Structures are given as C-alpha cells and as structure tokens.
C-alpha cells in the first residue's frame, strides 16, 4: 500500500468500484477516522485502522499492518485528503462496520440493550452531558490497569446511560473544558464507536469507549442542532419597548413548567403542545 498526501490528481476509482479481483486501484479519499488497534494484554499495536470517504460519500474501512505503519502514518491524519494506490481489497470482516461520512448512525437509548455483548455492533448515541467523573484506574484483561473516565449522558426525556472511556480515550476527553462550557450552554455530545455491555449482578448497561471510540461535542452537525431544539424551551418576552427571546434548559425549564419533559411526553402525544407550555405563552 502506498499513500501520497495531497498528491497530483490522477485517474481515480470510486470506493464503490473496488473489488477483491483487481490490483491496480487508485483512490482519492478523505480520512474520516484513524485509530490504533492494540492488543488488550500487551498493548502492542496490531494494526492502524482508518475509515475513508470518497467524493461520492462512499465509505470504507482500511487496515494497515504493523510493518507498514512507520512508513505511512506520518502521511495520514483525520480530515486529510490523500491518494492511495497499490493496495489489496478483501471482503468485509464481520467484526467491522462501515460508517457514513460523519461516522455515526444514531440509535435511541431504548435500543442500546439490544446491542449488549455484541462485538460486531458499535452503538452511536447522542445526549447532553449531565456528569463527568475524574480519572480513575481500573483493571482490565489479565490484571492490567488503565485510566477510566465515566460520563453520564442523558437524552431529551431525561433517561440516562453511562459511557466509560478507557485507556487513552479517558485522558483525551477534556473534562475541564466540558465543565467550563457547560456553565454557559448544554454540552450536546455524540459518542461514536462504543460497545454496549452489561456489568455486575444487576446487569447495569454501560457503553464502553476504547480506541475505536470518538465524540463530537456541540459541533455544527444537524443531529446536534435537532437535539438542541428538542431539549430547550424557548419563550418570547416583551414590553412596550422591546422583545427578547429567553431560552431555558433542563432544570430551569422544568421549574418553570412544573413537570419534567419525560412526564409531559408520557401524558401527551409527542406532536401535541402541553397546556403547561401553552399557558406560558401570552
């Protein structure tokens, strides 16, 4: 395999054209994601993994063997456009999932349990960050300790799921920045590439995030804008001189309305505006 960063334009193949029978493939793609896949016991890198996307929004998984990593890694960065040639194409492995351009396929919290224990499913979820733990040390594999950070993620109904970031991902999550920004605005986050697990005798549902996991925090992404719109309560206040919009979130909105979002949705049809909210308009 050969990667040429920002190389001259050549006759290229779309990812949809690739098959295991050809050899002289040339592709021009954007690197959507990149991570190191490591042995959980030794920590040694087994291969470098990529998700690439072409100009027609086709996506494909790429695996670079360890003997090629030192030569190629310096040319590869997330978001970079590269030309790649001289590579082999194989049928998809069952343990990998092809991701869309923005590398997420959101599922509701109610469906997470269906993915528990499955290593060929990587749930992607969206919610607002309700709490973030400090870094802890937890034992994994054969007695090896790794950093661990826990995030409590809630949906617009107030239902929550625990996200456990492990190893380098725990260190990379900027808890201080999240806390500081959270004082001004809700932290709407998409977690991608997690594994659903049940822990302990109580079968507590947890999303585990290791090397393949990433996240998007308050990004300019349609799914985040849509969640933000559902999560807030927007009111217009006016007097004889001026009109101003007030936007309330979470507990402040609940205090004003007198009922939680979850309770209102359970009482009313989701497309019906509850009387508790219409009563505020006037």
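In the numbering used here, the protein residues as written are 12 to 293. Glycine included, C-beta positions come from ideal geometry on N, C-alpha and C. Given the structure is predicted, the values throughout are model-derived calculations rather than measurements.
Per DSSP, which residues does residue 101 bridge with? Please list them.
-> Walking along the chain shown from the start, residue 101 turns up at place 90. DSSP, once it has assigned bridges, lists no residue as partnering residue 101.
Does the Cβ-Cβ distance between residue 202 and residue 174 come in under 8 Å?
-> Here the question's residue 202 lines up with position 191 in the chain shown. Here the question's residue 174 lines up with position 163 in the chain shown. In this structure, residue 174 lies closer than 8 Å to residue 202 by Cβ.
8 Å Cβ cutoff met for residue 177 and residue 171 = Along the chain shown, one-based indexing puts residue 177 at 166. Along the chain shown, one-based indexing puts residue 171 at 160. Against a cut-off of 8 Å, the Cβ pair of residue 171 and residue 177 comes out as no contact.
So, residue 199 versus residue 238, is the Cβ gap smaller than 8 Å?
-> Here residue 199 is taken as the residue at index 188 of the chain shown, counted from 1. Here residue 238 is taken as the residue at index 227 of the chain shown, counted from 1. A contact, by the Cβ cut-off of 8 Å.
Which runs of the beta strand (DSSP E) spanning at least 3 residues fall entirely within the region 31–94, listed in chain order?
-> 37–49, 56–64, 70–75
Spatial neighbours of residue 144 within its chain, please: CB distance less than 7 Å, with the 5 preceding and 5 following residues excluded, ordered by chain position.
-> In the chain shown, residue 144 corresponds to position 133, counting from 1. These residues qualify, in order along the chain: 160, 161.
Label residue 44 either buried or exposed according to how many other C-beta atoms from any shown protein chain fall within 10 Å of its C-beta, with 16 as the threshold for buried.
-> Counting from 1 along the chain shown, the entry for residue 44 is found at position 33. The residue is buried, with at least 16 neighbouring Cβ atoms inside 10 Å.
Would DSSP call residue 124 helix, strand or coil?
-> Taking the chain shown and counting its residues from 1, one reaches residue 124 at position 113. In this structure, residue 124 counts as helix in the three-state DSSP scheme.
Which residue's Cα is closest to the Cα of residue 221: 92, 57, 179?
-> By one-based count along the chain shown, residue 221 stands at place 210. Residue 179 is the option with its Cα nearest to residue 221.
Cut-off 7 Å between Cβ atoms - residues of its own chain near residue 25, not counting five sequence neighbours on either side | Here residue 25 is taken as the residue at index 14 of the chain shown, counted from 1. The residues are 65, 67, 69.
Provide the residue span of the beta strand (DSSP E) that contains residue 158, from first to last.
-> Within the chain shown, residue 158 is the residue found at index 147, counting from 1. Element bounds for residue 158: 155–165.
Give me whichever residues DSSP pairs with residue 138 in a beta bridge.
-> Taking the chain shown and counting its residues from 1, the one referred to as residue 138 is at position 127. In DSSP, residue 138 forms a bridge with 200.
Since residue 180 is in the beta strand (DSSP E), which residue starts that stretch and which ends it?
-> As a first step, residue 180 is located in the chain shown; it is residue number 169 there, counting from the start. Per DSSP, residue 180 belongs to no beta strand (DSSP E); it is in the alpha helix (DSSP H), 179–183.
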